[in-house]
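>
Here's what the structure looks like:
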């Protein structure tokens with residue numbers, strides 16, 4: 179029995195069994211040393227009968243105290259796991275009374291070890307998947323043999339096209355029910371049927387889906403976005419082999435950047451203007467914004483977003499912001515004076531619209 183399991187589980191077992199039967203119980207290693215006991219003073223003591231049981235594989239019952247070194251009356255049975263004697267379970271008391279508790283300890287230990295191994299397996303599996311996803315999306319070096327083994331282990335066809343999806347928590351909001359939103363995200367990921375998902379610090383949840391499953395996945399993710407507006411937004415990358423998901427990840431980033439106002443989901447393959455904006459350097463964007471938008475207050479920028487979202491309709495913008503038409507016109511004229519671009523003239527409005535798209539990070 180691995181030492182970490184002995185320490186973490188067996189002491190819990192002996193305490194739990196004593197609560198039921200009120201008898202002392204020991205776990206003895208194959209060298210006859212007590213390593214877990216309800217009688218803490220006995221831990222580290224030599225148990226002659228325990229060693230004998232470990233060597234022979236046969237249970238031994240003792241009817242009197244001290245008839246063997248370090249031994250009290252009771253029942254001592256081998257604990258066999260995966261075909262090997264890994265420990266001996268001893269319970270102190272009259273054999274007829276305590277025999278059943280020794281077998282109970284044996285069954286509980288088996289169940290707990292199996293559960294522990296399953297937990298370790300799931301942990302190892304998730305660790306491998308997390309590492310692989312991050313290596314792929316950041317285009318880090320991946321050993322080809324390791325990559326091939328990973329594909330084989332999780333039954334992934336290397337010729338299948340995948341898409342990277344980013345679910346990003348909106349930095350403008352701090353939801354009080356963060357754990358509930360995270361549960362919604364992971365539940366949606368599981369519904370897609372893909373095992374390739376992970377959390378990417380500080381606020382991205384990454385999901386890789388097979389492209390031929392896109393329609394089903396987008397339906398699930400649209401529901402996720404609608405349920406958690408305005409706390410999260412979703413970007414969908416283009417289709418590419420698994421080994422080139424760094425390209426799809428970059429495209430999903432561009433899709434996220436294209437989201438405007440209250441929009442919650444964007445698909446890279448459906449973008450147009452955003453493809454051009456996504457190729458601009460940081461310096462170019464900053465220069466453009468300095469010339470166009472940064473003189474406006476946040477309130478004025480929000481007014482413009484509503485105005486453009488309503489196809490430059492004065493009537494609909496007034497209704498949404500509870501403004502009189504004259505007041506809205508005054509505000510738009512003020513924006514024109516401050517920026518040098520009149521939002522009521524199409525060509526100049528386009529400049530402001532592009533500026534808003536650039537200046538709306540999520």
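Residue numbers (the numbering used here): 179 to 540. Quick reminder that beta carbons are idealized off the backbone N, C-alpha and C, glycines included.
(1) What first and last residue would you give for the beta strand (DSSP E) that runs through residue 346?
(2) Could you check how far apart the C-beta atoms of residue 270 and residue 284 are, in whole angstroms? I think they sit under 8 Å.
(3) Taking 8 Å as the cut-off, does the stretch 318 to 333 touch the stretch 360 to 367 (at least 3 CB pairs, one atom from each stretch)?
(4) For residue 340, does the count of other Cβ atoms within 10 angstroms reach 16, so buried, or fall short, so exposed?
(5) How big is the Cα-Cα spacing for residue 522 and residue 449?
(6) Less than 6 Å between C-beta atoms, sequence neighbours within five positions excluded: which residues of the same chain meet that for residue 383?
(7) From the DSSP secondary-structure annotation, give me the bridge partner or partners of residue 419.
(8) Among 272, 255, 254 and 374, which residue has its Cα nearest to the Cα of residue 311?
(9) Identify, in the order they occur along the chain, each residue of the same chain with its Cβ nearer than 8 Å to the Cβ of residue 410, setting aside the five sequence neighbours on each side.
(10) What number of angstroms, rounded off, separates the C-alpha of residue 532 from the C-alpha of residue 500?
(11) Below 8 Å on the Cβ atoms is my guess for residue 235 versus residue 254; work out the distance and round it to an integer in Å.
(12) My assumption, with CB atoms under 8 Å, is that residue 415 sits in contact with residue 342. Please give the rounded CB distance.
(13) Between which two residues does the beta strand (DSSP E) holding residue 382 run?
(14) Taking just the CA atoms, how far does residue 437 sit from residue 421?
(15) If I follow the unbroken alpha helix (DSSP H) through residue 249, where does it start and stop?
(16) If we ignore side chains and look at the alpha-carbon of each, how far apart do residue 462 and residue 529 end up?
(17) Please report the straight-line C-alpha distance between residue 380 and residue 239, rounded to a whole angstrom.
(18) Using the beta-carbon count (16 or more within 10 Å), is residue 215 buried or exposed?
(19) Indicate whether residue 206 and residue 265 have their beta-carbon atoms separated by less than 8 Å.
(20) Identify which residue in 459, 218, 504 and 424 has its Cα closest to the Cα of residue 316.
(21) Helix, strand or coil for residue 413 per DSSP?
(22) Would you check if the distance between the CB atom of residue 196 and the CB atom of residue 187 is smaller than 8 Å?
(23) Use the C-beta contact count for residue 388: other C-beta atoms within 10 angstroms, 16 or more gives buried, fewer gives exposed.
(24) Per DSSP, which one or two residues make a beta bridge with residue 239?
(25) Distance, Cα to Cα, residue 263 vs residue 229?
(26) How about residue 257 and residue 227: are their beta carbons less than 8 Å apart?
(27) Start and end of the beta strand (DSSP E) containing residue 270?
(28) Just to confirm my understanding: we take residue 534, look at its own chain, exclude 5 residues before and 5 after, and list those with CB closer than 8 Å. What are they?
Put simply:
(1) Counting from 1 along the chain shown, the entry for residue 346 is found at position 168. That run of the beta strand (DSSP E) goes 339 to 347.
(2) Taking the first residue of the chain shown as 1, we reach residue 270 at position 92. Taking the first residue of the chain shown as 1, we reach residue 284 at position 106. About 16 Å; that fails the 8 Å criterion.
(3) No: the two stretches stay apart, fewer than three of their Cβ pairs being nearer than 8 Å.
(4) Locating residue 340 in the chain shown gives position 162, where the first residue counts as 1. It counts as buried.
(5) Translated into the one-based positions of the chain shown, residue 522 becomes position 344. Translated into the one-based positions of the chain shown, residue 449 becomes position 271. The straight-line gap from Cα to Cα measures roughly 25 Å.
(6) Taking the first residue of the chain shown as position 1, residue 383 is located at position 205. Cβ within range, chain order: 345, 363 and 377.
(7) In the chain shown, the residue the question calls residue 419 occupies position 241. 339.
(8) Here residue 311 refers to the residue found at position 133 of the chain shown. Of 272, 255, 254 and 374, the residue nearest in Cα terms is 374.
(9) Within the chain shown, residue 410 is the residue found at index 232, counting from 1. Same-chain partners within the cutoff: 345, 346, 347, 348, 359, 363, 402, 403 and 442.
(10) Counting from 1 along the chain shown, the entry for residue 532 is found at position 354. Counting from 1 along the chain shown, the entry for residue 500 is found at position 322. Approximately 26 Å between the Cα atoms of the pair.
(11) As a working note, residue 235 is residue 57 in the chain shown. As a working note, residue 254 is residue 76 in the chain shown. The distance from the Cβ of residue 235 to that of residue 254 is about 12 Å, inconsistent with a contact at the 8 Å cut-off.
(12) Counting from one through the chain shown, the residue named residue 415 turns up at place 237. Counting from one through the chain shown, the residue named residue 342 turns up at place 164. In this structure, residue 415 and residue 342 form a Cβ contact; the two beta carbons are roughly 4 Å apart against a cut-off of 8 Å.
(13) For the purposes of this step, residue 382 is taken as residue 204 along the chain shown, with counting starting at 1. Per DSSP, residue 382 belongs to the beta strand (DSSP E) from 382 to 388.
(14) Within the chain shown, residue 421 is the residue found at index 243, counting from 1. Within the chain shown, residue 437 is the residue found at index 259, counting from 1. Taken atom to atom, the span from the alpha-carbon of residue 421 to that of residue 437 is near 27 Å.
(15) As a position in the chain shown, residue 249 is number 71, starting the count at 1. Note, residue 249: premise wrong, no alpha helix (DSSP H); not H, not E.
(16) By 1-based counting over the chain shown, the position of residue 462 is 284. By 1-based counting over the chain shown, the position of residue 529 is 351. Rounded to whole angstroms, the gap between the alpha carbons of residue 462 and residue 529 is 14 Å.
(17) Here the question's residue 380 lines up with position 202 in the chain shown. Here the question's residue 239 lines up with position 61 in the chain shown. Spanning the two alpha carbons is a distance of roughly 59 Å.
(18) The residue labelled residue 215 in the question sits at position 37 within the chain shown. Buried, by the Cβ-count rule.
(19) As a first step, residue 206 must be located in the chain shown, where it is residue number 28. As a first step, residue 265 must be located in the chain shown, where it is residue number 87. Going by C-beta atoms, residue 206 is nearer than 8 Å to residue 265.
(20) Within the chain shown, residue 316 is the residue found at index 138, counting from 1. It is 424.
(21) If you number the chain shown from 1, residue 413 lands on position 235. In this structure, residue 413 counts as strand in the three-state DSSP scheme.
(22) Translated into the one-based positions of the chain shown, residue 196 becomes position 18. Translated into the one-based positions of the chain shown, residue 187 becomes position 9. For the 8 Å CB-CB criterion, residue 196 and residue 187 do not form a contact.
(23) By one-based count along the chain shown, residue 388 stands at place 210. Classification of residue 388: buried, given that the 10 Å Cβ count is 16 or more.
(24) As a working note, residue 239 is residue 61 in the chain shown. Beta-bridge pairing links residue 239 to 253.
(25) Here residue 263 is taken as the residue at index 85 of the chain shown, counted from 1. Here residue 229 is taken as the residue at index 51 of the chain shown, counted from 1. Taking the straight line from one Cα to the other gives about 11 Å.
(26) As a position in the chain shown, residue 257 is number 79, starting the count at 1. As a position in the chain shown, residue 227 is number 49, starting the count at 1. Contact: no.
(27) Residue 270 sits at position 92 when you count from the first residue of the chain shown. Start and end: 262 to 270.
(28) What you label residue 534 is simply residue 356 of the chain shown in a count that begins at 1. Around residue 534: 438, 471, 479, 482, 483 and 486.
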